[in-house]
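Peer 1:
Protein chains: 2
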Amino acid sequence: MRNGDVWAFEDGGEIRGDVNGSGVVLGVDGGATSTVCVCLPLLALLSAHKLPDPLPVLARAVSGCSNHNSVGESAARNTLEQVMAEALSKSGSNRSAVRAVCLGVSGVNSSTDQERILKWIRDIFPIHVKLYVRNDAVAALASGTMGKLHGCVLIAGTGCIAYGFAEDGREARAAGAGPVLGDWGSGYGIAAQALTAVIRSHDGRGIQTMLTNSILKTLGLSSPDELIGWTYADPSWARIAALVPEVVSCAEAGDQIANEILVNAVQELALCVKAVVQRLCLCGEDGNSSFPVVMVGGVLEANKSWDIGKEVIKYIQTSYPAVHPIKPQVEPAIGAALLAWNYLMKESEEKCHR
Amino acid sequence: MRNGDVWAFEDGGEIRGDVNGSGVVLGVDGGATSTVCVCLPLLALLSAHKLPDPLPVLARAVSGCSNHNSVGESAARNTLEQVMAEALSKSGSNRSAVRAVCLGVSGVNSSTDQERILKWIRDIFPIHVKLYVRNDAVAALASGTMGKLHGCVLIAGTGCIAYGFAEDGREARAAGAGPVLGDWGSGYGIAAQALTAVIRSHDGRGIQTMLTNSILKTLGLSSPDELIGWTYADPSWARIAALVPEVVSCAEAGDQIANEILVNAVQELALCVKAVVQRLCLCGEDGNSSFPVVMVGGVLEANKSWDIGKEVIKYIQTSYPAVHPIKPQVEPAIGAALLAWNYLMKESEEKCHR
Numbered sequence: 142m143r144n145g146d147v148w149a150f151e152d153g154g155e156i157r158g159d160v161n162g163s164g165v166v167l168g169v170d171g172g173a174t175s176t177v178c179v180c181l182p183l184l185a186l187l188s189a190h191k192l193p194d195p196l197p198v199l200a201r202a203v204s205g206c207s208n209h210n211s212v213g214e215s216a217a218r219n220t221l222e223q224v225m226a227e228a229l230s231k232s233g234s235n236r237s238a239v240r241a242v243c244l245g246v247s248g249v250n251s252s253t254d255q256e257r258i259l260k261w262i263r264d265i266f267p268i269h270v271k272l273y274v275r276n277d278a279v280a281a282l283a284s285g286t287m288g289k290l291h292g293c294v295l296i297a298g299t300g301c302i303a304y305g306f307a308e309d310g311r312e313a314r315a316a317g318a319g320p321v322l323g324d325w326g327s328g329y330g331i332a333a334q335a336l337t338a339v340i341r342s343h344d345g346r347g348i349q350t351m352l353t354n355s356i357l358k359t360l361g362l363s364s365p366d367e368l369i370g371w372t373y374a375d376p377s378w379a380r381i382a383a384l385v386p387e388v389v390s391c392a393e394a395g396d397q398i399a400n401e402i403l404v405n406a407v408q409e410l411a412l413c414v415k416a417v418v419q420r421l422c423l424c425g426e427d428g429n430s431s432f433p434v435v436m437v438g439g440v441l442e443a444n445k446s447w448d449i450g451k452e453v454i455k456y457i458q459t460s461y462p463a464v465h466p467i468k469p470q471v472e473p474a475i476g477a478a479l480l481a482w483n484y485l486m487k488e489s490e491e492k493c494h495r
Numbered sequence: 142m143r144n145g146d147v148w149a150f151e152d153g154g155e156i157r158g159d160v161n162g163s164g165v166v167l168g169v170d171g172g173a174t175s176t177v178c179v180c181l182p183l184l185a186l187l188s189a190h191k192l193p194d195p196l197p198v199l200a201r202a203v204s205g206c207s208n209h210n211s212v213g214e215s216a217a218r219n220t221l222e223q224v225m226a227e228a229l230s231k232s233g234s235n236r237s238a239v240r241a242v243c244l245g246v247s248g249v250n251s252s253t254d255q256e257r258i259l260k261w262i263r264d265i266f267p268i269h270v271k272l273y274v275r276n277d278a279v280a281a282l283a284s285g286t287m288g289k290l291h292g293c294v295l296i297a298g299t300g301c302i303a304y305g306f307a308e309d310g311r312e313a314r315a316a317g318a319g320p321v322l323g324d325w326g327s328g329y330g331i332a333a334q335a336l337t338a339v340i341r342s343h344d345g346r347g348i349q350t351m352l353t354n355s356i357l358k359t360l361g362l363s364s365p366d367e368l369i370g371w372t373y374a375d376p377s378w379a380r381i382a383a384l385v386p387e388v389v390s391c392a393e394a395g396d397q398i399a400n401e402i403l404v405n406a407v408q409e410l411a412l413c414v415k416a417v418v419q420r421l422c423l424c425g426e427d428g429n430s431s432f433p434v435v436m437v438g439g440v441l442e443a444n445k446s447w448d449i450g451k452e453v454i455k456y457i458q459t460s461y462p463a464v465h466p467i468k469p470q471v472e473p474a475i476g477a478a479l480l481a482w483n484y485l486m487k488e489s490e491e492k493c494h495r
C-alpha cells in the first residue's frame, strides 16, 4: 500500500453503512484550500424519484488541497486517497461496497489532467467501480441542480469561472484562466483594481478614493508607497482577494471608484455567463427558454446592501429574462456524489436498452 | 575583505588612469538583469563648460543583477562591489583616486532602501569619497540630460515608471508599482492584455484577433487552453513582456484588438508623464514652458511603423506643446557618473560660499 495505512480499517471490520447491500457512492470536491468527500447510500437515492430531504449522508471527511498544480502529483494523489478512505471508514463501509466515485477537482483543465487522476483512482478501487473525474466547477453546478448537468454555474471566489452544459451534453466554459489572463470579476481581480486605484490616486493619475484609508488601515500600513512592498512580499492570490470586503464597504459608503470597480466586476461576471449561455444556446432558439444559473463563491454570497450576486443576475436578465438563479442548498461534494449516481444510472439504462 | 580578492589589484600596482591626479568618478546603473559601472576622469569633466564628445570613459564593467528584492542583500552588495572594483582595475586606477560614486539602483523606493545601500558602499571607500544612491530611473534621466536633474524620464521596458525633477529639486514619480498594481503601459502590461484578448476570444467573451495565431505560433502551442499552463509555469515578468513584438506586428497588420491595446498603453504611459509634470509644474505657470522628457526602454525604442514612443510624445504634446523629447545618446551608467560629478561640484561650490 503506497499511502500508509489508510485502508487498514477494512481488515476484519463489520459493514454497517451499506445496510441494504446495494452499495454506496463517493463524491469528492477537491479545491485550492481543502478537499471534501461525502459517502451516500445508493438505495436511498435509487428508491425515490424525488430526492429525500435531507439527503442521507453516511459520512463526510475533510482534508487539504488536492490541486496538483499547487501541491504536486504525489501529495494530491495521497490527499484524495486519504479523504476517500476516511469517508468510507466513518460510514462503516469499505471499498467493496463502492459502486461509483465522482471527483470534481480544481486544476482539471484538459483530458490529460483528467486521465492522470483517473489512473491514480483506478489503482485504488476494484475494477467494477465506476470512476468520473471533472473540473470542480462541474460538481458546483450539480450541487445547485441536485445532480442534473444542465445550465450554467458561476463561481466567484478568489478566482472566477463560468461552466455550463446543454441538455445534449455539450459543455462550455469562460474565464477560470487566473489573474494574468484577465479574470477581472474574481475576488483577486476586484482587490487588485482597488489597490491600483490607491496607487493611481497617490501618484496623481487618479482621483481621491476612500479605498486609500480603508485599505491602509486594514493592512496596518502608513503610506501607499508601502503597498508595493506588501503586494510583492507574498504571491498568494487569496491574500489579495481578502480585501474585497473593504471595496464593498467603500462602495456602500458612496465612494465613486469602489463603486466603478464593483460595477465593472458585475459586468465581467455576467459576460462570463452570457458567453457560456450563447455558445450552448441554453436560452433556446427564441431566447426565452428558462435555464438555471447556479451562483457559488464568497464574492457572490456576501449579502450586503451592495450585493454583487444580485447585480450579476439583474445584468444577465437584461439579455435572458427567463434565467433561473439558484443558490445551492448542499455543498459541491454532494453535487459530485449525485453526479456519480446519475452517471451510474445512465450507464445501467444504456446497458438495459442494448 | 568580505568579498574575496576583488581589491587585490590595488596592491603595488602603478596608477595609470588618473593621469592628472585630480581623481575619478564612478557611475553605476543597477538594473533587474545587469549592473554596469563606468569610470570617468574628473579633470576632463571639470575643464569644459561643454561636455567633451565623446566622453573620455576610462573603463566599463558589467555584472549581474543588483536589485536586493530579487537576489537578496548579500548578493546585491557583492555584485555592486565587484563591478566597481573591476571598473577601477580596468581603468588603471584605485579607490584612493575616487572622488565620488553615484549608484542608480532598481528597487530603491524609500529612504530605508537608500540608507541600506549607502551603508554597504560607505564600508568600501575611504571616508572622503562622496556617495550618492538613487533609483535607477534617476540615472536614466541624467543619461538624457547629460547630468542635469530637470525634466521627466519615462522608462517602459518589462515594467514602466515616470520620474521627474523640478529646477528647485522637488521630485515626483508615477507608476513603477509592478503588474498587480496597474503598470498597464509596461511591456508586461501590453503582453498580458494581449494574452487576455486571446483567452476572451477563445471562450466567447471577445471578438476574433490575429493575436491568437501569432502568439500560439511564437510559443509553439496548439490551443488557447494551453496558454493557462504556459502562463503560470514561470512567474517571470520578462517572459510575458517578450511578447510585445507580436502585439506590434498584429497592430501593424490592422488587427483591431492589438491596436486598441497599444493605444491604451500609449495613453497610460502619457498619463504617467502628465501626472509627474503636473505635480512638479514642469510646464511653468502658463503651461507653455519647455521641459525635457527622456524616453528609455524597449517598448519606446522599437522603431516600427506602429511607434509607441512617437505616439506617447504626440499624446503628451496635446497637453504640453513645448515638451522636448530626448533619446539618450549615452547609457544610464554614464548618467550616474555625470550625476556624481554634478553632486560633487555643487557641494564644492556650497563649501566655497560659506
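Which chain is which? The protein sequence lines are A and B, in order. The first sequence begins at 142 in the working numbering and counts up one residue at a time. The second sequence begins at 142 in the working numbering and counts up one residue at a time. All C-beta atoms, glycine included, are put in the ideal place defined by N, C-alpha and C. Since this is a predicted model, take the numbers as computed values, not measurements.
Of all the CB atoms in chain A, is at least one closer than 8 Å to the CB of B:ASP375?
Peer 2: Not one chain A Cβ lies under 8 Å of B:ASP375.
Peer 1: Do B:ALA333 and B:VAL440 have their CB atoms nearer than 8 Å?
Peer 2: Cβ atoms of B:ALA333 and B:VAL440: not closer than 8 Å.
Peer 1: Excluding the 5 residues flanking B:ALA318 on each side, which residues of the same chain have their C-beta closer than 7 Å to its C-beta?
Peer 2: Excluding sequence neighbours, B:ALA318 sits near ASP324.
Peer 1: Pop quiz: B:ILE402 and B:ALA335 are said to be a contact at Cβ under 8 Å. What is the actual Cβ separation, rounded to whole angstroms?
Peer 2: Sure, about 6 Å apart at Cβ, within 8 Å.
Peer 1: Mind listing the chain B neighbours of A:SER251? Cutoff is C-beta to C-beta under 7 Å, in chain order.
Peer 2: Here the neighbours are ASP366.
Peer 1: Would you tell me roughly how many angstroms separate the C-alpha atoms of B:CYS413 and A:MET351, rounded to the nearest one?
Peer 2: Rounded to whole angstroms, B:CYS413 to A:MET351 spans 22 Å at the Cα level.
Peer 1: Closer than 8 Å is the cut-off here; do at least three beta carbon pairs connect the segment 471 to 487 of chain A with the segment 165 to 180 of chain A?
Peer 2: The answer is yes - the segment 165 to 180 of chain A touches the segment 471 to 487 of chain A, with three or more Cβ pairs under 8 Å.
Peer 1: Measure the C-alpha to C-alpha separation of A:LYS492 and B:ARG341 and round it to an integer number of angstroms.
Peer 2: Roughly 41 Å between the two C-alpha positions.
Peer 1: Report the rounded CA-to-CA distance for B:LYS445 versus B:SER327, giving the unit in angstroms.
Peer 2: Their Cα atoms are separated by approximately 17 Å.
Peer 1: Give me the Cβ distance between A:LEU410 and A:VAL453, rounded to the nearest whole Å; I'm assuming they're in contact under 8 Å.
Peer 2: So it is a contact: roughly 5 Å between Cβ atoms.
Peer 1: What do you get for A:MET142, buried or exposed, if any count of 16 or more other CB atoms within 10 angstroms of its CB means buried?
Peer 2: Residue placement at A:MET142 is flagged as unreliable, the pLDDT there being 42, under the threshold of 50; a coordinate-derived value is accordingly withheld.
Peer 1: Whose C-alpha, out of A:MET287, A:VAL147 and A:GLY172, is nearest the C-alpha of A:VAL249?
Peer 2: Among A:MET287, A:VAL147 and A:GLY172, the Cα nearest to that of A:VAL249 is on A:GLY172.
Peer 1: So, do the segment 255 to 271 of chain B and the segment 221 to 228 of chain B have three or more beta carbon pairs nearer to each other than 8 Å?
Peer 2: Because the criterion of three Cβ pairs below 8 Å is met, the segment 255 to 271 of chain B and the segment 221 to 228 of chain B touch.
Peer 1: Enumerate in chain order the residues of its own chain whose CB-to-CB distance from B:CYS243 is below 6 Å, with the five nearest sequence positions on each side excluded.
Peer 2: If we look at B:CYS243 and ignore the five residues flanking it on each side, its Cβ neighbours are GLY168, TYR273, ALA477, LEU480 and ALA481.
Peer 1: Within 8 Å of any Cβ in chain A, is that where the Cβ of B:CYS391 sits?
Peer 2: It does not; no Cβ of chain A falls within 8 Å.
Peer 1: Please list the partners that A:GLN223 has in chain B, where partner means a Cβ-to-Cβ separation under 9 Å.
Peer 2: Correct list: empty, because the minimum Cβ distance to chain B is about 26 Å.
Peer 1: Quick one: what's got a C-beta closer than 6 Å to B:ASP396's C-beta in the same chain, skipping five residues either side?
Peer 2: The residues are THR350 and MET351.
Peer 1: Look up B:TYR304 in the DSSP assignment and say whether it is helix, strand or coil.
Peer 2: Looking at B:TYR304 - three-state DSSP - the assignment turns out to be strand.
Peer 1: By DSSP, does A:ASP366 sit in helix, in strand, or in coil?
Peer 2: Three-state DSSP puts A:ASP366 in a helix.
Peer 1: Quick one: which unbroken alpha helix (DSSP H) runs of 4-plus residues sit fully inside the segment 319 to 347 of chain A? Chain order, please.
Peer 2: With a minimum length of 4 residues, the continuous alpha helix (DSSP H) runs that stay inside the segment 319 to 347 of chain A are 328 to 344.
Peer 1: Between B:HIS465 and the rest of its own chain, which residues show a CB-CB distance below 6 Å, the 5 nearest in sequence each way excluded?
Peer 2: So the list reads SER431 and PRO433, once near-sequence residues are dropped.
Peer 1: Output yes if chain A places a C-beta closer than 8 Å to the C-beta of B:ILE369; else output no.
Peer 2: True, the Cβ-Cβ gap to chain A drops below 8 Å.
Peer 1: Closest Cβ-Cβ distance between B:ALA406 and chain A: below 8 Å?
Peer 2: So no, B:ALA406 is outside the interface.
Peer 1: Which of the three DSSP states is assigned to A:HIS291 in this structure?
Peer 2: Reduced to three states, the DSSP call for A:HIS291 is coil.
Peer 1: Note down, in chain order, every chain B residue with its Cβ under 9 Å from the Cβ of A:THR174.
Peer 2: In chain order: nothing, as chain B lies at least about 17 Å away.
Peer 1: 8 Å is my cut-off, CB to CB: does A:ALA316 come that close to chain B?
Peer 2: It does: the Cβ of A:ALA316 has a partner Cβ on chain B nearer than 8 Å.
Peer 1: State the CB to CB distance for the pair B:VAL246 and B:VAL270, rounded to an integer number of angstroms; the pair is presumed to be in contact (CB under 8 Å).
Peer 2: That belief does not hold up - the Cβ atoms of B:VAL246 and B:VAL270 are roughly 17 Å apart, past 8 Å.
Peer 1: Nearest to A:CYS180 by CA position, among A:LEU192, A:THR174, A:LEU196 and A:ALA416, is which residue?
Peer 2: For the residues A:LEU192, A:THR174, A:LEU196 and A:ALA416, the minimum Cα distance to A:CYS180 belongs to A:LEU196.
Peer 1: A:HIS465 bridges to which residues according to DSSP?
Peer 2: DSSP, once it has assigned bridges, lists A:PRO433 as partnering A:HIS465.
Peer 1: Residues in the same chain with beta-carbon distance under 6 Å from A:MET486, minus the five sequence neighbours each way, listed in chain order, please.
Peer 2: So the list is empty, once near-sequence residues are dropped.
Peer 1: Just the C-alpha distance for B:SER204 and B:SER175, rounded to the nearest angstrom, thanks.
Peer 2: One C-alpha to the other measures close to 6 Å.
Peer 1: Does the CB of A:GLY319 have a neighbour CB from chain B at under 8 Å?
Peer 2: At least one chain B Cβ lies under 8 Å of A:GLY319.
Peer 1: Determine the DSSP secondary structure at A:ASN250, reduced to helix, strand or coil.
Peer 2: A:ASN250: coil per DSSP, three-state reduction.
Peer 1: Is A:GLU490 buried or exposed, if buried means 16 or more other CB atoms sit within 10 Å of its CB?
Peer 2: A:GLU490 comes out exposed.
Peer 1: Going by beta carbon distance, what residues of the same chain come within less than 6 Å of B:HIS291, once the five residues before and after it are set aside?
Peer 2: Excluding residues within five positions, the ones whose Cβ falls inside 6 Å are PHE306 and GLU308.
Peer 1: Within 8 Å of any Cβ in chain B, is that where the Cβ of A:ASP344 sits?
Peer 2: So, interface residue.
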